[in-house]
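Protein sequence lines correspond, in order, to chains A and B.
This note's numbering applies: residue 148 is where the first sequence begins, and numbers increase by one.
This note's numbering applies: residue 341 is where the second sequence begins, and numbers increase by one.
Just so it is clear, CB atoms sit at the ideal spot from N, CA and C, and this is done for glycine as well.
Everything numeric in this text was worked out from a predicted model, so none of it was measured.
In what follows, a single structure is set out as structure tokens and then discussed.
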Amino acid sequence: MKMSGYANTNYGPPPMGQTNLVNGLPATQQQQQTAQGVAGAPPPPFSANPQQQIQQQQQQILQQKQPQQQQILSQPVPTLQSNMSKFLPPTSNSASSAALNGPTRPPSTTAQAPASNLPPHMRPPGMNGPPGAMPLTNGGGGSGDLSTNSSRTASPSLAQQAQFGGYNTKPPLSHAPSGNVTASNPQYSSASAAALSGSMQNLSINRTNGAAPANMPPPTNMQQQRQPSITPNQTQQQQTPFPSNYQANFRTNAMNAPTPLSTQPPVSQANVPPPHSTAAYAGGKPLQPPTPYTNTSFSQTAPTQTLNATAGAQPPTSQPPASSAAMFGTSRSQPILANAPPSAHPQPPQAATLANANYAPSTAVGAMQSPLPPTSAAATALQQNQLNNNTQQQTSTLRKPMYPSGPPPTLATTPQQQPQQPYAPVYQPQPGLFNGQPNTAPLQYQSQPYMQQPPPVQQQQFPQPQQQHHQQQQQQQNFPIPSGGAYNQQMSVTQAGFSRLWGQDTIDLMQNRHILSPATVTPPRIVLNNQFHESINCNPNIMRSTIAKIPESNALLQKSRLPLGILIHPFRDINSLPVIQCPNIVRCRLCRTYINPFVYFVDSKMWKCNLCYRVNELPEDFQYDPATKTYGDVMRRPEVRSSTIEFIAPSEYMLRPPQPAIYLFLFDVSIIAQQSGYLENICATLSKHLDDMPGDARTQIGFIAYNSHVHFYSMAEGYNQPHELTLLDIDDPFLPRPDNLLVNLKECKELVKDLLTQLPKRFADTHDPGSALGSALQVAYKLMQASGGRVTVFQTCLPNKGPGSLEPREDPNNRSAKDVAHLNPATDFYKRFALECSGYQIAVDLFLLNQQYSDMATISGISKYSGGCVHHFPLYQKTKPQIVDSVRQCFKRYLVRKIGFEAVMRIRCTRGLQVHTFHGNFFVRSTDLLSLPNVNPDAGYGMQISYEESLSEAKTVCFQAALLYTNSEGERRIRVHTMCLPVTGSLPEVMHAADTEAIIGLLSKMAVDRSLTSNVADAREAFINATVDIFNAFKIAQNLPSGQSGQLIAPRSLALMPLYISALLKHPAFRVGTSTRLDDRVYAMDCMKTLPLDQLMKFIYPEFYLIDALFYPNANALEDEEEEDLPDLPRLQLSAEFLDSRSIFLLDCGNLIIIYVGLNVPVNVLEGVFGVKATAELPDYLYGLPNVTSPANDILKRFILRLNDDKPYPPMVQVIRDTSTAKPQFIEKLVDDRSESSLSYYEFLQHIRTQVK
Amino acid sequence: MAFNFAAFTYIVALIGDAFLIFFAIFHVIAFDELKTDYKNPIDQCNSLNPLVLPEYLLHIFLNLLFLLCGEWFSLCINIPLIAYHIWRYKNRPIMTGAGLYDPTTVLSTDNLTKNMREGWIKLAIYLISFFYYIYGMVYALIST
């Protein structure tokens, strides 16, 4: 969704100009034409491609279409196509075509500038300014080109150069300045390139026919706001060359940026192409939403109230992400929103972000300046609140002075603001205020943590008379593109703001203790230059790199000290996946890479592999579009349009006929298992979901039970009931009979159900303490050998009979010792077994429902190396309904989820890189091939990447994960994910492109390895060292003064790293000094290795919400809205300082949701949610939400439902009241606080600071 | 010119060293095959692991002979390698069979490069010591 703006704006000219023209027009232009065509009247056939429509609505796949949508909505221009073709250049004029193409974008970019979804770092400086107001005639060429290419690498000259060579244009950075100069003053530089003039023409065309979404004459009030601020700088600007006035320019523009936004409804900028938009808005204007915002932004008084007012007045829309936007967009925006495809939504929220951001700096800056020493753990939000309030009233002059070398002041806003919001309800419990706050304000931060916010300087300038447009535009164009760190060093106010625009701002962690932005941090956007502008990258949920820009050499990577790797979740459940069947799948002949959106088409017959650079031929039929059944442009092929795609594989991809789904269940029926009573639960669940298990008519199922002996169940068609065969010789196990042990599920369903009802009772009277897991596995292996499949093992105790029997190793008295022993397996029996299984495509999944130590470290080997999964439910007892329930949920998900059999996954990367280490459950069969006998949708994998050679030749780096599997219907399929990342040679850029979550994901995996090969203490040290190293590297990258400064400067991208590292150090997997059962620790480590990143982050750092806002419906202004409106609640840091006795909190740990009820929660809320009159009436242990029919209970349920959206199965909900004996369970999760054996987050920060030299 | 125990030792050492060179070459080739995807790591480990102990034992046996006949210098130049072998075998992954190589970890890049380097270094050592043993043999034969 986030990419929309980017997709929207970037009609990058194809690099080769002519060469990749197909059908006489560059592909991009064709797209545009298509867009126009859609806008005009009859949609061309392929744009109506239903498949793509669906994709679009689902995820970000194929967002190129978005502009079309918007145009449809906003302005049907019948004459458009002819006009378009006029300015779409003839193929011969490739140079001007490049330039021409540019201008079509600039307007759109500028139009969106304030609201833009462009990530800050790709935002050209020109966009800082009064974006919407830029008259096209003037600014179009210059800033337009800037913005089109955006990122650093952007410049018009680049666009022009593109014609000369596809891959080897000069390093982007070198272009930047020159590009800027030419671009910046099209009007004044008489020698402006022909391309530019062409572009200006083009713009005017655009303007008249509205072809491109250029936001032209902005609503008047926008202009008013924006212009005044220019005055001080105008004259200076016109005369001085840019380096000298750069700062001044920048300052004003940076200041201005938010203003237009605040005045103009976001939707207008985002969705409506401006030429017509003025007219279109005329009707809308009477609403005049701007006024309240302007007030907030300028006067800075009582921002919260104003916000509340507006928030209250405007009904939020149904989409959670867009809801805030809708609020700010005011009612008129809603029809547009409603019509627009979902992918178009992300823009509005960001617009809103900006709008709202105005009020934020004031408070926070004030707080920053007031001598607020970061008191250690005791610095309560209350204090800060007061501070904020006080400082708000200070005059704006006070805001001007900034930390000369310190962090940009606005940075403080987010963290400082946070504590305030959660507390708002506490201190002012009026529903209105209460609601407005959490609903609106925090949300904005969340939607764009990197978003530009106005540096609060020079606010006084605003109330000044209106000025001409030209000068202002000129200002914008004057900004040179910064070259990373050089500017950051000086850290003047303007530069601070400037770097913020590029997402390169820094933050002093010591000053900003409340660092967690109010919502899940979005992964840094991957910005590709020119030719792949519109190519849609892989969904970050599926594939994510630890650094969004790949360092060009190993030396540079080492300088940054960041771990390089990718995390992938290849079999993730995707709602709309393009599946294509074609006789020959196009692959590179050399490296076997699948064709993908990032390949380079030399001409209509040839393509150049983006991984090995071999030029390959395209097969004839590749020009055939399966969707529309027509011949034509290769760019229309789904392979080239979507970076996640699934092929139905032809027979070359099969070594044998696709296997049927075969499931074998192994039940431990020893006395401990009988006591725990798990069998009843499991059999009932299994019996219930027999029909839901994936599989076709060939599906087979079998059961084996084992205690000291192994019991088989033979079910043949003629039998009335299952026959039990018991194998006594467990040391040399064999199959008692060749057939009928695995039976066809469809044919024998009755027998199977019969067996499942009998099984729990069958062994109830035996008191056999033995558990011959090894023998049972061996016979299972023999049973499955012929075809492969899935073996599910339920184990409840230590295997103590037959092969693979184990001794208890854990010393219960030593659970909190410093050095953790026995993390490694005691025997390699299970590993060897798993490898054998892997060879026969058998995967073993383990459910460990143990009562006591069961040596998970050893047993889990059966799953680790066979591509299985491990589930652990310690202390399972049938008398504990909560565990019973969560096992049921988990097992149900396990049964019904998709499954891929006999799978292999290959990771390919661009020449120069190689996969260094793999993390996850699989067997590495060759250097880049993972053998996955089964693949399931809940398994994630990580790969460390290392350099083979320097990448300085390459501009982009691609990773391709291809998963070949047999689905449950016996179809061989290949799922291909491709991710493309830009290469950079600048250290600061690398640092700013870091993806903290992915880094944490990878570091945790590496730490698990370290714990196993060395010990936990080493792993803990490695965590701290990694953090210190990274901050050291950043200090060097920024040329910050060395030595102790009392600051800990972090790039925004890595600001959360210490928080997560500190949480990891207290995580059961790595903590020492706290009693942790060995099995729990091993399981936690296993989770670190196998959980997909989104779940892993919850596992490491649970989400913590203050949910009072849910229960005050009035303020939500939800009356006549649909049910789905849920306020977006701010995330809190995991600290008890946020707890309040009058509030209810929710902690989402991924596999457990804890609701914490304060002692003094108002009675009406309690009654609504829990149906009790006082908190004390809640029992100590309450699982699940009470069934109360009330709006409050309902909305909480919906909120939890939303939290569970991405989870494999709904977790257990536990309600803990303040005085409950279960409270320690909750307090334990608050990892930011200090405990008896660990540091608090702030102490940890101080520790890091002392280490950073 | 006499055929004494030292000369016999060097002759045995020469023959033994020739075997060791073959072991080292096999080792290098095997890991190269792994690197270039020619072989399944399980098969490769199965073929490599049985050879590890014989190699070590042969090497130790040769040095026992040196010890017995008092060839201290020859013994000394081999002691570091013996120590490395012992250290290496003590730190092997947990496995029931003899051997060093675990199919699940052998393919990680670190392991591959480490093993490759080890193979080349050992090959060099064995080659150098081969020529030294020739010299030692001749010396022992003519010295009396």
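What in chain B is Cβ-close to residue i, meaning under 7 Å?
i, result
"serine 1093 of chain A", "Thr449"
"phenylalanine 1070 of chain A", "Thr444"
Look up residue i in the DSSP assignment and say whether it is helix, strand or coil.
i, result
"glutamine 1398 of chain A", "helix"
"tyrosine 378 of chain B", "coil"
"tyrosine 441 of chain B", "coil"
"proline 612 of chain A", "Its pLDDT being 36, under 50, proline 612 of chain A is placed unreliably by the model, and the measurement read from it follows with that caveat. Correct three-state label for proline 612 of chain A: coil."
"methionine 931 of chain A", "helix"
"aspartate 1002 of chain A", "coil"
"serine 952 of chain A", "coil"
"isoleucine 1300 of chain A", "strand"
"alanine 1095 of chain A", "The sequence given here places glutamate at residue 1095 of chain A; alanine does not occur at that position. The answer is coil: DSSP assigns glutamate 1095 of chain A none of H, G, I, E or B."
"glutamine 623 of chain A", "In this prediction, glutamine 623 of chain A has a pLDDT of 38, which is less than 50 and means its spatial position is unreliable; nothing more can be read from the coordinates."
"glutamate 458 of chain B", "helix"
"glutamate 1314 of chain A", "helix"
"serine 834 of chain A", "helix"
"methionine 690 of chain A", "strand"
"asparagine 396 of chain A", "Here the model assigns asparagine 396 of chain A a pLDDT of 37, short of 50, so the residue's position is not dependable, and the following value carries that caveat. Helix at asparagine 396 of chain A."
"asparagine 1144 of chain A", "Note that residue 1144 of chain A is glutamate in the sequence shown here, rather than asparagine. Glutamate 1144 of chain A: helix per DSSP, three-state reduction."
"lysine 755 of chain A", "strand"
"serine 339 of chain A", "Confidence is the limiting factor: at serine 339 of chain A the pLDDT is only 36, short of 50, which leaves the residue's position unreliable, though a coordinate-based value still follows. The answer is coil: DSSP assigns serine 339 of chain A none of H, G, I, E or B."
Kindly list the residues whose CB is nearer than 8 Å to the CB of residue i, restricted to its own chain and excluding five residues on each side of it in sequence; keep chain order.
i, result
"leucine 1076 of chain A", "Val1051, Met1052 and Arg1053"
"arginine 428 of chain B", "Leu440"
I think residue i touches residue j, with their Cβ atoms under 8 Å apart; what is that distance to the nearest whole Å?
i, j, result
"threonine 740 of chain A", "leucine 758 of chain A", "5 Å"
"aspartate 1255 of chain A", "isoleucine 1291 of chain A", "6 Å"
"isoleucine 382 of chain B", "proline 420 of chain B", "Their Cβ separation, rounded to whole angstroms, is 32 Å, which puts isoleucine 382 of chain B and proline 420 of chain B out of contact at 8 Å."
"asparagine 1114 of chain A", "glycine 1047 of chain A", "6 Å"
"glycine 1132 of chain A", "leucine 703 of chain A", "7 Å"
"phenylalanine 1258 of chain A", "valine 1335 of chain A", "No, phenylalanine 1258 of chain A and valine 1335 of chain A are not in contact; Cβ-Cβ is about 12 Å, not under 8 Å."
"tyrosine 1000 of chain A", "leucine 945 of chain A", "7 Å"
"serine 922 of chain A", "proline 880 of chain A", "4 Å"
"valine 1062 of chain A", "methionine 1090 of chain A", "5 Å"
"leucine 656 of chain A", "proline 1205 of chain A", "6 Å"
Tell me which same chain residues have a C-beta within less than 7 Å of the C-beta of residue i, skipping the five on either side of it?
i, result
"glutamate 1118 of chain A", "Ile795 and Pro805"
"asparagine 1298 of chain A", "Pro1358"
"alanine 1166 of chain A", "Ala1154, Arg1157, Ser1158 and Phe1217"
"arginine 956 of chain A", "His969, Ala973 and Asp1002"
"leucine 930 of chain A", "Leu811, Gly849, Leu882, Leu888 and Leu889"
"asparagine 389 of chain B", "Gly437, Ala438, Gly439, Leu440 and Tyr441"
"serine 1367 of chain A", "Asp1327"
"alanine 1173 of chain A", "Leu1150"
Using the beta-carbon of each residue, which ones in chain A are nearer than 7 Å to residue i?
i, result
"aspartate 377 of chain B", "Ser1073 and Thr1074"
Residue i touches chain B at which residues, Cβ-Cβ below 8 Å?
i, result
"histidine 1063 of chain A", "Ser448, Thr449 and Asp450"
Residues in its own chain within less than 6 Å of residue i by CB, not counting five upstream and five downstream?
i, result
"glycine 824 of chain A", "Lys1025"
"glutamine 1361 of chain A", "Ile1301 and Tyr1330"
Next on the checklist: Give me the subset of the stretch 964-988 of chain A whose CB atoms are less than 8 Å from a CB atom of chain B, sorted by chain position.
Outcome noted: Asn971, Pro972, Ala973, Thr974, Asp975, Phe976, Lys978, Arg979, Leu982 and Gly986
Next on the checklist: Output needed in chain order: residues of the stretch 1004-1019 of chain A with a Cβ under 7 Å from some Cβ in chain B.
Outcome noted: Tyr1012
Checklist entry - In chain order, what residues of the stretch 422-436 of chain B put their CB closer than 7 Å to some CB of chain A? => result Ile434, Met435 and Thr436
Checklist entry - Looking at chain A, which residues of the stretch 375-401 of chain B have a Cβ within less than 8 Å of any of its Cβ atoms? => result Lys375, Asp377, Asn380, Pro381 and Ile382
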